[in-house]
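**Q**
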Amino acid sequence: MADKIKILQMTSDLDFGGAETMIVDIVENIDKEKFEVVVCCINKKGSLGEDLAKKGYKLYEARKEIKKQSYYSLAKRIKEIIKLENPDIVHSHCDSALIDIGPIYTLNRSLPPLIHTFHFGNYPHIAKKYIYLQMLFTKFVTQLVAVGTNQKQRIVETMKLNPDRIHTLLNGVSNNEFIDDQENIKRIKSELNIASDELVIGCVAVLTDQKGIDDFIKACGLLRENHPKTKWVVVGSGPLLDDLKSLADELNLNDFIIFAGWRSDVKNILPIFDIYVIPSLWEAMSISLLEAMAAKRAIVATDVGENSKVIAHNQSGLIVQPGNLDEIVSSIQAMLEDEEKRSAFAENAYDDYINKYSVQCMVDNYSDLYSKVYDQQ
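Numbering-wise (my numbering), the sequence shown opens with residue 17 and increments by one.
1. Taking the Cβ atom as the reference point for each residue, do GLN167 and GLU322 lie within a distance shorter than 9 Å?
2. Residues in the same chain with beta-carbon distance under 6 Å from SER347, minus the five sequence neighbours each way, listed in chain order, please.
3. Look up ALA350 in the DSSP assignment and say whether it is helix, strand or coil.
4. According to DSSP, is ASP290 part of a helix, a strand, or is it coil?
5. Quick check on the burial criterion: 16 or more other C-beta atoms within 10 angstroms. Buried or exposed for GLN85?
6. What distance in whole Å lies between the Cβ atoms of PHE156 and ILE217, which are believed to be in contact at a cut-off of 8 Å?
7. Going by alpha carbons, who is nearest to SER302 out of GLU353, GLY164, THR158 and ILE131?
8. In whole angstroms, give me the CA-to-CA distance for HIS132 and GLY237.
9. Which residue marks the beginning of the alpha helix (DSSP H) containing SER89, and which one marks its end?
10. Taking only three categories from DSSP, how would you classify MET17?
11. Give every residue of the same chain whose Cβ lies closer than 7 Å to the Cβ of MET17, excluding the five residues on either side of it in the sequence, and list them in chain order.
12. Under 6 Å Cβ to Cβ from ALA362, same chain only, skipping five residues before and after it: list those, please.
13. Please report the distance separating the alpha-carbon of TYR369 from that of TYR88.
14. Take ASN59 as the anchor and find which of ILE94, MET38 and ASP230 has the nearest alpha-carbon.
15. Could you pull out every unbroken alpha helix (DSSP H) segment of at least 4 residues lying fully inside the segment 23-49, listed in chain order?
16. Considering only the beta carbon of each residue, do LEU223 and LEU257 sit closer than 9 Å?
17. Tell me whether LEU239 is buried or exposed, calling it buried when 16 or more other Cβ atoms sit within 10 Å of its Cβ.
18. Relative to the alpha-carbon of PRO338, which residue among LEU297, ILE21, PHE275 and ILE327 has its alpha-carbon at the smallest distance?
19. Can you have a look at SER262 and say buried or exposed, based on whether 16 or more other CB atoms are within 10 angstroms of its CB?
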């Protein structure tokens with residue numbers, strides 16, 4: 017056995033997002049005495065990838081390393097990286113990476129064992145041809161991983177896979193050291209022009225249709241009259257940013273809603289939120305939800321993906337139906353009007369995070385999986 021087990025993490029990019037954050041957490045927190053980790057970003061490093069590179073981790077950008085932009089050239093470069101690094105295991109993430117690496121494994125049976133983690137939630141965003149390609153390429157994967165039990169069932173039903181082939185490993189996130197840092201809270205509120213006596217309702221998301229941020233904005237419009245001492249903060253960027261700003265403008269909410277943009281210091285911002293809202297229309301295992309739990313926030317989340325398994329309704333948060341604006345509004349209102357409830361829910365959610373969803377729990381589980389796959393070669 018080699019001194020260390022070498023893992024090549026394979027992903028489309030490491031831009032801002034839940035799956036991307038999870039990959040970075042594995043890279044940074046895995047036991048370096050037992051494992052060596054290299055990352056291949058197929059398309060680009062992204063903001064989180066740039067941060068990893070600055071910390072000294074080895075990253076490839078496969079598409080940027082080829083002169084002729086063709087699928088063949090990209091596949092050839094990915095294969096070259098695998099041969100060059102000679103990892104013990106390749107670990108791919110999300111549908112795009114599997115589709116890019118799948119043909120290489122189809123034509124080369126001597127490559128290292130392949131682990132693939134599914135990070136998606138529901139399927140309205142995935143064309144049938146991509147589902148078919150994933151079904152095809154999973155045949156060459158040594159170990160498939162789901163990030164939640166609901167997600168695993170959806171994968172089995174959609175891709176007609178044997179459930180015994182899919183291992184469930186829950187996501188985890190790192191602790192938030194700014195929970196009780198009053199100086200940090202004061203600084204962030206001042207930066208965002210939020211008064212000390214205003215309650216803050218917030219969300220963090222890539223601004224796409226999936227995330228349901230339009231419902232967050234509409235909820236603000238329906239609650240502002242009875243709750244004028246509030247600020248609603250949207251952290252994140254994405255293709256719908258301009259549309260969401262226009263919606264806020266149409267509803268005359270510019271004095272209530274703050275678009276904070278993409279931030280690298282989300283951990284600093286989370287503690288200013290009195291209520292954290294996840295209005296997503298679909299998810300798998302929401303990293304954003306876990307980060308809110310780690311920051312000890314009161315949570316309102318839609319019943320998608322694993323949310324209702326992670327949050328016990330009316331105990332560690334409130335669960336609402338996706339797209340149901342009335343439920344979203346009434347749940348946020350209930351939180352706004354009951355400080356004791358907010359505090360109790362936040363404490364319970366934090367306890368669940370500590371016991372089940374810490375980054376170390378997740379990393380230990382993946383470490384065990386890597387060792388198991390390595391030993392079975």
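Cβ coordinates follow ideal geometry from the N, Cα and C atoms, glycine included. This one's a predicted model, so the numbers in the text were calculated from it and none came from an experiment.
**A** By the coordinates alone:
1. yes
2. VAL316, LEU334 and VAL336
3. helix
4. coil
5. exposed
6. Incorrect: roughly 46 Å between the Cβ atoms, too far for contact.
7. GLY164
8. 42 Å
9. 87-101
10. Its pLDDT being 47, under 50, MET17 is placed unreliably by the model, and the measurement read from it follows with that caveat. If DSSP states are grouped into helix, strand and coil, MET17 belongs with coil.
11. Low local confidence applies: a pLDDT of 47 at MET17 is under 50, so the model's placement there is unreliable, and no value is given.
12. LYS312, ARG313 and ALA314
13. 44 Å
14. ILE94
15. 34-45
16. yes
17. buried
18. LEU297
19. exposed
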